[in-house]
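So the structure is just underneath, and the comments pick up after that.
There are 2 protein chains.
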Amino acid sequence: MTRINARLPKTKVGEKSFKKIIKAGKYLYGKAGYNSTSINDIIARAKVAAGTFYIYFDSKLALYLYLLDEYGHNIRRLAAEATKDCKNRYEIERAGLKAFIMYVKKDPLAYKLVWESLFVDPEIFRNYYMNFAESYTKHLIPYVEIGEIRDDIDLETVSYILMGISNFVGLQIVFNDKSTEKDIDFVVDESMKLLKNGIFNQ
Amino acid sequence: MTRINARLPKTKVGEKSFKKIIKAGKYLYGKAGYNSTSINDIIARAKVAAGTFYIYFDSKLALYLYLLDEYGHNIRRLAAEATKDCKNRYEIERAGLKAFIMYVKKDPLAYKLVWESLFVDPEIFRNYYMNFAESYTKHLIPYVEIGEIRDDIDLETVSYILMGISNFVGLQIVFNDKSTEKDIDFVVDESMKLLKNGIFNQ
DNA sequence: AATAAATATGAATAATTGTTCATATTTGAT
DNA sequence: ATCAAATATGAACAATTATTCATATTTATT
């Protein structure tokens, strides 16, 4: 897997510096945001000199893009892992939703990283979600064909709705500092009720 | 209605400058984002001197908070207006969703304003959505009591889900430069199908 | 017409920004 | 042990930042 946006280190000493920068950048970009975080902040936290930063990254933006890319891979790997033994689409949605919320609960900084792309470069944000929606839609099609999902509903819209649910129910959990896995299971169950039967009485 | 975060003008000349600043700020904060927009950018676009800006606003942040407040009022007023003749909860959700998406299509800049608060000050963001969710939940309760909404589903989670749907289906429309009111009606209808019956076959 | 309040101006300020570069040190292969 | 490549350093740079303030003009009231 080739990683763009970075010059990877070639010695163990370099790797240590590289990792320190990554860690500091992830923390600060996630916490204070991209624009509010200065290179000075990053190198101070990473405890490296200014020049060291530029050995591995061309710019402040390059580090952000590197981290965003890393997050994208994490999320995809996690989703694949969490749903690999599921035997129907209902279970896939349930497991995927839970895995996502568990992840954002554990690492809310990475969560903010994606949203912030809207302000770093709107095109990054747009691409991120459009690609995600396109991929989601494709994965849903077979389940319409085997009859698990209704055939009278637009799958692109469904994809955006499912992303919206994940993200905002994720917020609900992140907002509550004391939320536990039990709370996550609860909101996932409630969400699945809606996906199963809607919210209205017939 | 008392407006904080600003010293309102007292003459017609002052009002003109004030409005120019508001307009420029709305455009630039929405387009480039809060952190990427400088006071220089704002006063250049508004065609006022630097000092003039500080006659009406204490700081760059004060202008942002003023605009955020204005957006909040707009959204609430719009939602009340759009749903005032609805005769059941289903119609309220439909009309509210459509009004929201119409608004973000017309004024995507205001849309970004709220999301950016997460990076201007996370507490603002948190308050915005927690208040919104709380208010949403309260409005749903009577409809459970009269039997329009299921009584076996958690209303707080439903509120976050409905916010998620609005925001992400809104994105779907905003992403497509060519989307029309017809497209908005379409995605609203699809969303309502989901709220009515879920996405799975029984 | 007189006058106080409101408004406008823009040069100046001090702080911070991302980035560069000449120099020094360390690493790993020979 | 040698030496080129890799890595580390931090002072220096030019650009940009948000904000202030002394001065000037305009407005509304008397």
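Chains as they are written, first to last, in the working numbering: chain G, 1 to 202; chain D, 1001 to 1202.
Ideal placement from N, C-alpha and C gives every residue a C-beta, glycine not left out.
Residue i versus residue j: straight-line alpha-carbon distance, rounded
i	j	result
residue 6 of chain G	residue 166 of chain G	31 Å
residue 191 of chain G	residue 98 of chain G	10 Å
residue 1138 of chain D	residue 1096 of chain D	16 Å
residue 1118 of chain D	residue 1071 of chain D	16 Å
residue 148 of chain G	residue 1194 of chain D	14 Å
residue 199 of chain G	residue 32 of chain G	37 Å
residue 1131 of chain D	residue 1093 of chain D	18 Å
residue 153 of chain G	residue 91 of chain G	20 Å
residue 11 of chain G	residue 44 of chain G	22 Å
residue 128 of chain G	residue 1015 of chain D	42 Å
residue 187 of chain G	residue 1034 of chain D	33 Å
residue 1 of chain G	residue 19 of chain G	For residue 1 of chain G, the predicted model reports a pLDDT of 41, less than 50, meaning its position is unreliable; a value from the coordinates is still stated below. For residue 1 of chain G and residue 19 of chain G, the distance between alpha carbons rounds to 18 Å.
residue 140 of chain G	residue 80 of chain G	15 Å
residue 1189 of chain D	residue 157 of chain G	10 Å
residue 1124 of chain D	residue 145 of chain G	45 Å
residue 1038 of chain D	residue 1059 of chain D	11 Å
residue 1036 of chain D	residue 36 of chain G	10 Å
residue 1183 of chain D	residue 50 of chain G	50 Å
residue 1178 of chain D	residue 106 of chain G	39 Å
residue 23 of chain G	residue 48 of chain G	12 Å
residue 17 of chain G	residue 40 of chain G	15 Å
residue 201 of chain G	residue 1078 of chain D	27 Å
residue 155 of chain G	residue 1073 of chain D	33 Å
residue 185 of chain G	residue 1086 of chain D	35 Å
residue 133 of chain G	residue 84 of chain G	20 Å
residue 163 of chain G	residue 136 of chain G	9 Å
residue 197 of chain G	residue 151 of chain G	15 Å
residue 46 of chain G	residue 1116 of chain D	27 Å
residue 21 of chain G	residue 176 of chain G	30 Å
residue 126 of chain G	residue 1180 of chain D	19 Å
residue 122 of chain G	residue 1055 of chain D	33 Å
residue 53 of chain G	residue 1082 of chain D	53 Å
residue 172 of chain G	residue 1172 of chain D	22 Å
Cβ-heavy atom distance, residue i to the ligand GDP, below 6 Å
i	result
residue 118 of chain G	This structure simply doesn't include the ligand GDP, nor any ligand for that matter.
C-beta contact flag for residue i and residue j at 7 Å
i	j	result
residue 63 of chain G	residue 25 of chain G	yes
residue 170 of chain G	residue 101 of chain G	yes
residue 68 of chain G	residue 113 of chain G	yes
residue 42 of chain G	residue 65 of chain G	no
residue 1143 of chain D	residue 1076 of chain D	no
residue 120 of chain G	residue 111 of chain G	no
residue 168 of chain G	residue 1160 of chain D	yes
residue 1013 of chain D	residue 1108 of chain D	no
DSSP state of residue i mapped onto helix, strand, coil
i	result
residue 161 of chain G	helix
residue 146 of chain G	coil
residue 1175 of chain D	helix
residue 1200 of chain D	strand
residue 1129 of chain D	helix
residue 191 of chain G	helix
residue 1183 of chain D	helix
residue 1141 of chain D	helix
residue 1005 of chain D	coil
residue 35 of chain G	coil
residue 153 of chain G	coil
Endpoints, the alpha helix (DSSP H) within which residue i is located
i	result
residue 29 of chain G	12-31
residue 45 of chain G	39-46
residue 1055 of chain D	1050-1056
Give, in chain order, every unbroken run of the alpha helix (DSSP H) that is at least 4 residues long and sits entirely within the segment 1059-1115 of chain D. Runs of the alpha helix (DSSP H) inside the segment 1059-1115 of chain D: 1060-1083 and 1089-1106.
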